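Residue 278 in UniProt numbering sits at position 278 of the sequence shown, and the numbers go up by one each step.
This report concerns only the one structure given below.
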Amino acid sequence: MKKQVRNEETEVQSTLSRCLNVRVSLFNHSFPQIQSMKTQFASALLAVWANLALTQAFYGPRDDVTELTPHNFGPAILDTDQLVAVEFYAPWCGHCQKLAPEWKKVATNLKGLVNIGAIDCDVETNKGLCAMYEIKGFPTIKVFSPELRKDKRTGQMTKIPTDYQGPRDAKSMVDYFLSSQPSNVQFVKWNEKDVKSKKSITLDNFLQTKNDTLPKALLFTNKATTTPLYKALSVDFKDRMLVGEVKQSERNIVAEYGIESFPTLLVISPKHGIVTFDGKLNRDNLKTFMEKHALPKDKKNTSHPAATEKEQAKKKAKEVIALETDEILENKCLKSTGNVVCVIAITGDEDKKDTLDTLHALKDKTSTQQSLDFEYGWIHADQSHDIINTLQLSEDYPSIFILHPSKHLFRNYVGSWSEGNLVKWLNQIGSGRVQAWPYQGELKLSEKPTVDSSYNENRDEAPVVGEGDSEETSKEPIRDEL
Numbered sequence: 001m002k003k004q005v006r007n008e009e010t011e012v013q014s015t016l017s018r019c020l021n022v023r024v025s026l027f028n029h030s031f032p033q034i035q036s037m038k039t040q041f042a043s044a045l046l047a048v049w050a051n052l053a054l055t056q057a058f059y060g061p062r063d064d065v066t067e068l069t070p071h072n073f074g075p076a077i078l079d080t081d082q083l084v085a086v087e088f089y090a091p092w093c094g095h096c097q098k099l100a101p102e103w104k105k106v107a108t109n110l111k112g113l114v115n116i117g118a119i120d121c122d123v124e125t126n127k128g129l130c131a132m133y134e135i136k137g138f139p140t141i142k143v144f145s146p147e148l149r150k151d152k153r154t155g156q157m158t159k160i161p162t163d164y165q166g167p168r169d170a171k172s173m174v175d176y177f178l179s180s181q182p183s184n185v186q187f188v189k190w191n192e193k194d195v196k197s198k199k200s201i202t203l204d205n206f207l208q209t210k211n212d213t214l215p216k217a218l219l220f221t222n223k224a225t226t227t228p229l230y231k232a233l234s235v236d237f238k239d240r241m242l243v244g245e246v247k248q249s250e251r252n253i254v255a256e257y258g259i260e261s262f263p264t265l266l267v268i269s270p271k272h273g274i275v276t277f278d279g280k281l282n283r284d285n286l287k288t289f290m291e292k293h294a295l296p297k298d299k300k301n302t303s304h305p306a307a308t309e310k311e312q313a314k315k316k317a318k319e320v321i322a323l324e325t326d327e328i329l330e331n332k333c334l335k336s337t338g339n340v341v342c343v344i345a346i347t348g349d350e351d352k353k354d355t356l357d358t359l360h361a362l363k364d365k366t367s368t369q370q371s372l373d374f375e376y377g378w379i380h381a382d383q384s385h386d387i388i389n390t391l392q393l394s395e396d397y398p399s400i401f402i403l404h405p406s407k408h409l410f411r412n413y414v415g416s417w418s419e420g421n422l423v424k425w426l427n428q429i430g431s432g433r434v435q436a437w438p439y440q441g442e443l444k445l446s447e448k449p450t451v452d453s454s455y456n457e458n459r460d461e462a463p464v465v466g467e468g469d470s471e472e473t474s475k476e477p478i479r480d481e482l
């Protein structure tokens, strides 16, 4: 009996299967357009999913990258004294997709030190900004330094960005942006003879700067170079607190303040005297501590009021030559005869504006006072290494020296970098009270640093270098190092 039932069940299943196959066959044969519609629908759905995934792969609220629009571009880029790097991208661009994770690492590592932004040039409301900066390929990375320059197209003073053309791995970009980071830190010295550049100042002069009103911060450190965090803090508190750094080798100053460990940060406040920071040395704690003692934001130190437009125009009318090539150096200085003396400054990007302003002021005040004919120029620090070695100059930028080409003489300036002291020094050069020294060999500019040869200016076809995690950028952000 069981066997008979089992056979009947098998026969029913077989019949049902044949019926279903017939129905499917008839359906497919009678309605082929439905099959086509199903295929098209599936393809469209996959495209939607792909676009959704693409959108999510870029920058969101949890990332440290600031998404820029016409509404926040001004405050984020133009109204800050910090360095800003911006990626101009399009979501469909394959190289932009590969760059995104590296850009996020850059933003995380440089949070609080360098502002990192991105702007989607496919968004209709953003296209005007992308056109303004002449974006022709993706991704394009532009770096905005704090200094204001005249826009040749509009005649307005604004930030003129430069293109980043180096490798696109996180470590290379972090290193580059930190090398361009602005700084207002002054190196405090005990002896006047050790003050060799604008960035250096004696302890007495440091303490006397707006002594009754302006608070001062002093960091005692055993590090050879200023940390990115301290540079960033010096910019954050520009005009509200004078920020200085004392190396461990300055034993007299270390002893003066009884410093026993490094790093140690103290604030010299007109209200509270000397206050030593005793918390954990990270950005948030340090900023809170310094904010407590700094001038309020609405009471910045205004000891150097802005020049009028007429004064600015007068300065710009007097040329200070950029000695960018050996040919220019030769023609504008080294071939000079008679009483021509070249006054040359060496400066990096972060101090360029202030240095050129100083040279313009010197030119105004010394043009008719001396028997010598002073000609003014400047050399970028990146091109100065050979000249520094030949003349045995200090590598503490910015610095200034004179050349008397017809007599093969030079003299570097050593002392507090102020307009008054520099004018006095040049007057002494002109009167013969300060003697110049002979030098040997030719003076040639160093070659400019080269960019990675794998970079192609057509950003749509540019390779993305170093996609893997680097050891340095995968660690904790460097913003908390002092």
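Glycine is no exception: its CB is placed at the ideal position from the N, C-alpha and C atoms.
Please read all numbers here as calculations on a predicted model, not as lab measurements.
Residue i to residue j span [Cα, whole Å]
| i | j | result |
| --- | --- | --- |
| Leu-443 | Glu-324 | 13 Å |
| Ala-441 | Leu-391 | What sits at residue 441 in the sequence shown is Gly, not Ala. Each residue's Cα considered, the two are about 9 Å apart. |
| Gln-181 | Ala-232 | 8 Å |
| Leu-178 | Gly-338 | 44 Å |
| Lys-136 | Pro-228 | 32 Å |
| Tyr-59 | Val-423 | 52 Å |
| Arg-240 | Asn-205 | 17 Å |
| His-272 | Val-235 | 23 Å |
| Ser-197 | Ala-345 | 10 Å |
| residue 517 | Gln-82 | Lying outside 1 to 482, the shown extent of the chain, residue 517 is not represented and no answer is given. |
| Ala-76 | Gly-112 | 13 Å |
| Leu-242 | Val-123 | 43 Å |
| Phe-73 | Thr-202 | 40 Å |
| Lys-199 | Cys-93 | 44 Å |
| Asn-28 | Gln-97 | A caution first: Asn-28 carries a pLDDT of 46, below 50, which makes its placement in the model unreliable, though a value can still be read off. Taking the straight line from one Cα to the other gives about 41 Å. |
| Lys-297 | Lys-335 | 51 Å |
| Leu-482 | Met-290 | 14 Å |
| Tyr-176 | Ala-322 | 23 Å |
| Asp-351 | Tyr-230 | 17 Å |
| Pro-61 | Gly-258 | 46 Å |
| Phe-374 | Lys-363 | 8 Å |
Per-residue burial, residue i [other beta carbons within 10 Å of its own, 16 or more giving buried]
| i | result |
| --- | --- |
| Lys-104 | buried |
| Gly-430 | buried |
| Thr-154 | exposed |
| His-95 | buried |
| Gly-244 | buried |
| Leu-78 | exposed |
| Asp-349 | buried |
| Met-132 | exposed |
| Thr-347 | buried |
Any non-hydrogen atom of the ligand FAD within 6 Å of residue i CB
| i | result |
| --- | --- |
| Ser-200 | As presented, the structure is devoid of all ligands, the ligand FAD included, so that no description of it is given. |
Beta carbon of residue i nearer than 7 Å to that of residue j
| i | j | result |
| --- | --- | --- |
| Val-320 | Leu-359 | yes |
| Ala-90 | Ile-116 | no |
| Leu-445 | Asp-326 | yes |
| Phe-138 | Pro-161 | no |
| Leu-129 | Pro-70 | yes |
| Thr-158 | Asp-151 | yes |
| Asp-169 | Thr-108 | no |
| Ala-381 | Arg-411 | no |
| Trp-425 | Tyr-413 | yes |
| Thr-225 | Val-185 | no |
| Pro-398 | Thr-366 | no |
| Val-174 | Val-254 | no |
| Ser-416 | Val-195 | yes |
Secondary structure of residue i, DSSP reduced to three states
| i | result |
| --- | --- |
| Thr-158 | strand |
| Asp-298 | helix |
| Tyr-164 | coil |
| Ile-321 | strand |
| Gln-248 | coil |
| Trp-437 | strand |
| Thr-66 | strand |
| Ile-201 | strand |
| Ala-42 | Annotation note: pLDDT 47 at Ala-42 (below 50); position unreliable, no value reported. |
| Asp-120 | strand |
| Phe-289 | helix |
| Leu-148 | coil |
| Glu-87 | strand |
| Cys-93 | coil |
| Tyr-176 | helix |
| His-380 | strand |
| Ala-232 | helix |
| His-404 | strand |
| Phe-138 | coil |
Is the stretch 279 to 295 touching the stretch 248 to 257 in the sense that three or more CB pairs, one from each, lie closer than 8 Å? no
Closer than 8 Å is the cut-off here; do at least three beta carbon pairs connect the stretch 185 to 200 with the stretch 119 to 133? no
Count the CB pairs spanning the stretch 264 to 278 and the stretch 215 to 229 that are closer than 8 Å, and state whether there are at least three. yes
The stretch 335 to 351 contacting the stretch 399 to 414, beta-carbon criterion three pairs below 8 Å: yes
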